[in-house]
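Numbering (the working numbering), first residue to last: 8 to 337.
Ideal Cβ placement from N, Cα and C applies to all residues, glycine included.
Note that the structure is a prediction, hence the values are computed from the model and not measured.
Worksheet for the structure shown next.
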Ligand SMILES: Cc1cc2nc3c(=O)[nH]c(=O)nc-3n(C[C@H](O)[C@H](O)[C@H](O)COP(=O)(O)OP(=O)(O)OC[C@H]3O[C@@H](n4cnc5c(N)ncnc54)[C@H](O)[C@@H]3O)c2cc1C
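Rendered as structure tokens:
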């Protein structure tokens with residue numbers, strides 16, 4: 008399971024190449040970054056474990072972090088060259104085009120309203136018509152609704168947001184991320200950032216708990232960026248957006264099979280680009296008859312999150328607590 012999960016990004020880049028997807032994919036590595044001594048210790052411990060497991064990870068000192076991120080905030084980092092970045096919309100379109108070429112038919116804007124067992128098959132009623140199927144795969148993650156109420160109640164939906172600058176001058180882009188890695192912080196409210204193909208700086212993290220577009224709802228990210236790179240002043244921030252991710256209590260993705268011919272893959276804890284790709288393949292193998300011991304994740308029962316109906320209060324409290332700790336961290 009560990010090797011499968013950590014090699015997920017390589018599988019994504021392989022699919023991108025195999026199907027000629029246009030999604031700005033770059034396997035330049037990811038950097039896990041620590042700015043507190045507690046997280047510094049966590050990174051050192053992780054590196055020791057990963058190295059024992061034969062994984063190609065590297066420790067970056069505070070000096071190396073400064074030259075790789077243009078920021079003096081970080082005490083240490085862990086570089087993993089297997090990671091990377093892509094444009095997720097381009098990837099979704101690339102996957103859809105590959106599926107179509109393989110004979111799939113895709114119907115967008117067809118929200119499923121009801122799923123019913125009808126003798127030997129399932130009937131899915133959508134806003135525009137209905138579909139009969141021998142097998143159903145549910146992959147609605149943070150957007151799972153009442154159609155699958157038990158699955159919905161097994162997840163905590165959380166919003167994550169990103170803002171982006173205008174294209175940066177080359178000198179600035181190469182000061183911030185000369186190696187074009189993706190940086191993600193450890194910490195109470197993890198922030199992540201990268202520079203894209205158009206030289207835009209993208210920085211993401213916590214969000215208001217509802218769907219929002221535009222910059223005004225995410226000014227905290229802009230403020231944090233000024234703290235990381237005071238020399239960014241004068242650069243325009245042009246875009247902001249958010250979306251739902253699904254958190255699980257054990258922080259693992261969940262695979263369920265609530266009835267014969269019904270498969271569920273959810274709960275990527277904000278890391279679904281590679282993990283959902285892997286789980287998609289796992290579910291496809293299961294649909295074709297793979298046995299339990301041929302799967303990298305166990306098929307588990309659907310377990311409700313206790314007191315889930317209070318998730319907004321719980322997530323807001325967690326954010327407030329994290330914000331206070333971030334402020335105290337200097
Ligand atoms: C701002 C932001 C930044 C992120 N950054 C990263 C990152 O750096 N790395 C990473 O790995 N992941 C990241 N993620 C998480 C990643 O986007 C998700 O984990 C991933 O999209 C999950 O894919 P999915 O296909 O399982 O679900 P989703 O992409 O959430 O798709 C679920 C789909 O189900 C549909 N749906 C829901 N109910 C119904 C219904 N009744 N009928 C029909 N359709 C329905 C929804 O419309 C939606 O299209 C980020 C997410 C956000 C929001």
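**Prompt:** Taking the C-alpha atoms as reference points, what is the distance between residue 181 and residue 117?
**Reply:** Between the alpha carbons of residue 181 and residue 117 lies a distance of about 43 Å.
**Prompt:** Is the beta carbon of residue 122 sitting closer than 7 Å to the one on residue 309?
**Reply:** Against a cut-off of 7 Å, the Cβ pair of residue 309 and residue 122 comes out as no contact.
**Item:** Burial state of residue 143 (16 or more Cβ within 10 Å)
**Value:** Around the beta carbon of residue 143, a 10 Å sphere encloses 16 or more other beta carbons of the protein chains shown; the residue is thus reported as buried.
**Message:** What does the Cβ neighbour count give for residue 9, buried or exposed, with the cut at 16 atoms within 10 Å?
**Reply:** Exposed, by the Cβ-count rule.
**Item:** Own chain partners of residue 175 with C-beta closer than 8 Å, once the 5 adjacent residues on each side are dropped
**Value:** Excluding positions up to five away in sequence, the list reads 183, 202, 206, 207, 208 and 242.
**Asked** By DSSP, does residue 143 sit in helix, in strand, or in coil?
**Response** Residue 143 falls in the strand class under three-state DSSP.
**CA-to-CA distance, residue 238 to residue 288, given in whole angstroms** = Those two C-alpha atoms are separated by around 44 Å.
**Message:** With DSSP as the reference, identify every bridge partner of residue 225, one or two as the case may be.
**Reply:** None, per the DSSP bridge assignment.
**Asked** Are the beta-carbon atoms belonging to residue 74 and residue 82 less than 7 Å from one another?
**Response** Against a cut-off of 7 Å, the Cβ pair of residue 82 and residue 74 comes out as no contact.
**Asked** Within the chosen definition, does the segment 77 to 97 reach the segment 34 to 45 through at least 3 CB pairs nearer than 8 Å?
**Response** The segment 77 to 97 vs the segment 34 to 45: in contact.
**Prompt:** Is residue 139 near ligand 1, in the sense that its beta carbon is under 6 Å from a heavy atom of that ligand?
**Reply:** No, Cβ of residue 139 sits at least 6 Å from all heavy atoms of ligand 1.
**Among 270, 125, 266 and 179, nearest to residue 148 - alpha-carbon criterion** = Closest option to residue 148, Cα to Cα, is 270.
**Request:** Give the C-beta separation of residue 62 and residue 13 to the nearest angstrom, bearing in mind that I take them to be a contact with Cβ-Cβ under 8 Å.
**Result:** Correct: roughly 6 Å between the Cβ atoms.
**Pairwise C-alpha distance: residue 249 and residue 131** = Their Cα atoms are separated by approximately 29 Å.
**Item:** residue 103 Cβ short of 6 Å to ligand 1 heavy atom set
**Value:** Not under cutoff, so the answer is no.
**Asked** Can you give, in chain order, each stretch of the alpha helix (DSSP H) that sits fully within the segment 205 to 256 and has at least 4 residues?
**Response** Scanning the segment 205 to 256 from its first residue to its last, the whole alpha helix (DSSP H) runs of 4-plus residues come out as 226 to 235.
**Asked** Does any heavy atom of ligand 1 sit closer than 6 Å to the C-beta of residue 167?
**Response** Yes, since a heavy atom of ligand 1 falls inside the 6 Å radius drawn around the Cβ of residue 167.
**Prompt:** Say the cut is 6 Å; is the CB of residue 148 nearer than that to a heavy atom of ligand 1?
**Reply:** Relative to ligand 1, residue 148 has its C-beta within less than 6 Å of a heavy atom.
**Request:** Round the Cβ separation of residue 275 and residue 260 to the nearest angstrom and send it over; I've been treating them as touching at under 8 Å.
**Result:** 5 Å between Cβ atoms; contact.
**Prompt:** When we look at the beta-carbon of residue 109 and count the other beta-carbons within 10 Å, is it buried (16 or more) or exposed?
**Reply:** Answer is exposed; the Cβ neighbour count stays below 16.
**Message:** Shorter than 6 Å, the distance from the beta carbon of residue 250 to the closest heavy atom of ligand 1, or not?
**Reply:** Within the cutoff, so yes.
**Asked** Ends of the beta strand (DSSP E) at residue 169?
**Response** First-last of the beta strand (DSSP E) with residue 169: 163 to 172.
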